[in-house]
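For the sequence shown, my numbering assigns the number 631 to the initial residue and increments by one for each residue that follows. Each residue gets a CB set at the ideal place from its N, CA and C atoms; glycine is no exception.
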Amino acid sequence: MKDILNAPFLTEMVRTATNMYEHGWDERNGGNLSMLLEEAEVREYLVIPGIVRTIRTGFEAPELDGKIFLVTKTGSYFKNVQHDPAKNLGIVRLANGGREAEILWGFSDGGTVTSEFPAHMMSHLARLAVDPENRVIMHCHPTNLLAMTHVHDLDEKEFTRTLFRMCTECIMVFPDGVSVLPWMVCGTNEIGLATAKKMETARLCVWAMHGVYGAGKTLDETFGLIETAEKAAEIYLKIAHLERKQTITDEQLHLLEARFGVKAREGFLKTGEPDRREDAGMVTVYSSPLCPDCRECKANFDAHGIAYREVDITASMKNLKAFLKYRDALNVFDPCRKNGSVGIPAIVSEDGSVTLDWEGFLKERGLSVVCRENGPVCSLDGKGC
Ligand SMILES: [Zn+2]
631 MKDILNAPFL TEMVRTATNM YEHGWDERNG GNLSMLLEEA EVREYLVIPG IVRTIRTGFE
691 APELDGKIFL VTKTGSYFKN VQHDPAKNLG IVRLANGGRE AEILWGFSDG GTVTSEFPAH
751 MMSHLARLAV DPENRVIMHC HPTNLLAMTH VHDLDEKEFT RTLFRMCTEC IMVFPDGVSV
811 LPWMVCGTNE IGLATAKKME TARLCVWAMH GVYGAGKTLD ETFGLIETAE KAAEIYLKIA
871 HLERKQTITD EQLHLLEARF GVKAREGFLK TGEPDRREDA GMVTVYSSPL CPDCRECKAN
931 FDAHGIAYRE VDITASMKNL KAFLKYRDAL NVFDPCRKNG SVGIPAIVSE DGSVTLDWEG
991 FLKERGLSVV CRENGPVCSL DGKGC
């Protein structure tokens, strides 16, 4: 029989708890962790059954009967887990329809499972139904995410969009976004059930004015998930009170979806008409890679370091519709409608004004045309796009 203190699942749990403490996510006895173990891996270190004692769980979960979990102790300080794993961690097997937990190892001072055991087990159940590989549930109190729940709308769609806009990687790491629960009394079956319900759609659930629940396949993956959201929340808090010059737009989030093969949770990103508020914060160039004028315009903007948001109107119906909102409504497009040209590149300035004269746009800023490109044009009369 091998020494359980050297078991990879145990050493990794100790390392993760220590890391969480060092990140300031688990002050005092805050936070708790649970990980589903395979019986075969446990058998290398323990005789099963070798029940030390049995405790009542206070809930029923027949689906988890016989399942074995490594879990933190109620009241344990994460800073101390590394110094005494056998006291601060335990291995339990659920029995009797989930109503009992048989302690197989640990909790050496007579302690018991975390007070959030119901929320953990119900969340495991919900995540396992979505993905049988989801083995980890992690609860902690990341400072910035928690702080954000004091000042940000708790609507989970808006909360998620704010996080997505803070760092490019967010939509790749948690495309399902975050779910948000209003403030509730913790340690109860009620919050456990509410969390589990949220876990059906996202791996991250924020508890307002308390902390966060994360789920994942491994401890590293789950830690990284919370770490990424926490980073985005930190950036939000650093800039929330400052004037915003630019941001990651929904258009750009859609580009990330396409590039990295992820899909944001249904309805969480805006589609269709252009967000005038976003256009107001940055120059937008409605264009197409098929149009030589557009390529020339963008090459010159790039050469002069003009920051702009590009909307490729031939990339999607959504982009085309966004452009048509302008083209159908504004007088500046009158000549285009007459001569059969498309009206690109169309430049929407920070103040919402639209021009089709990109060379004039440069001139107004004291800049000249430095790149030229010759090619066919796409108007009916061959004079321009
Ligand atoms: Zn907590």
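For residue i, the three-state DSSP class (helix, strand or coil)
| i | result |
| --- | --- |
| residue 875 | coil |
| residue 822 | helix |
| residue 753 | helix |
| residue 681 | coil |
| residue 735 | strand |
| residue 833 | coil |
| residue 846 | strand |
| residue 645 | helix |
| residue 803 | helix |
| residue 763 | coil |
| residue 651 | helix |
| residue 841 | strand |
| residue 686 | strand |
| residue 811 | strand |
| residue 795 | helix |
| residue 914 | strand |
| residue 674 | coil |
| residue 730 | strand |
| residue 631 | coil |
| residue 640 | helix |
| residue 884 | helix |
| residue 783 | coil |
| residue 892 | coil |
| residue 924 | helix |
| residue 932 | helix |
| residue 860 | helix |
Whether residue i touches residue j by CB criterion (7 Å)
| i | j | result |
| --- | --- | --- |
| residue 751 | residue 663 | no |
| residue 650 | residue 835 | no |
| residue 600 | residue 647 | Because the chain spans 631 through 1015 in this model, residue 600 falls outside it and cannot be assessed. |
| residue 1017 | residue 732 | An answer regarding residue 1017 cannot be provided, because it is not within the stretch 631 to 1015 covered by the chain. |
| residue 691 | residue 757 | no |
| residue 665 | residue 729 | no |
| residue 639 | residue 667 | yes |
| residue 793 | residue 716 | no |
| residue 984 | residue 956 | yes |
| residue 742 | residue 821 | no |
| residue 958 | residue 949 | no |
| residue 974 | residue 894 | no |
| residue 796 | residue 865 | yes |
| residue 784 | residue 810 | yes |
| residue 817 | residue 776 | no |
Residue(s) in a DSSP beta bridge with residue i
| i | result |
| --- | --- |
| residue 866 | None, per the DSSP bridge assignment. |
| residue 662 | 769 |
| residue 700 | 665, 721 |
| residue 743 | 703 |
| residue 940 | 915 |
Pick from the options that is closest to residue i, judged by C-alpha positions
| i | options | result |
| --- | --- | --- |
| residue 726 | 693, 705, 981 | 693 |
| residue 826 | 843, 738, 792 | 843 |
| residue 923 | 988, 937, 893, 865 | 988 |
| residue 963 | 1015, 930, 801 | 1015 |
| residue 701 | 718, 688, 695, 686 | 718 |
| residue 754 | 833, 781, 745 | 833 |
| residue 936 | 947, 980, 881 | 980 |
| residue 919 | 934, 897, 740, 946 | 946 |
| residue 933 | 876, 1000, 889, 864 | 1000 |
| residue 944 | 916, 929, 966 | 916 |
| residue 780 | 838, 803, 790, 759 | 838 |
| residue 997 | 927, 829, 763, 748 | 927 |
Next on the checklist: In chain order, what are the residue ranges of uninterrupted alpha helix (DSSP H) at least 4 long that sit wholly in the stretch 950-1006?
Outcome noted: Runs of the alpha helix (DSSP H) inside the stretch 950-1006: 964-969, 988-994.
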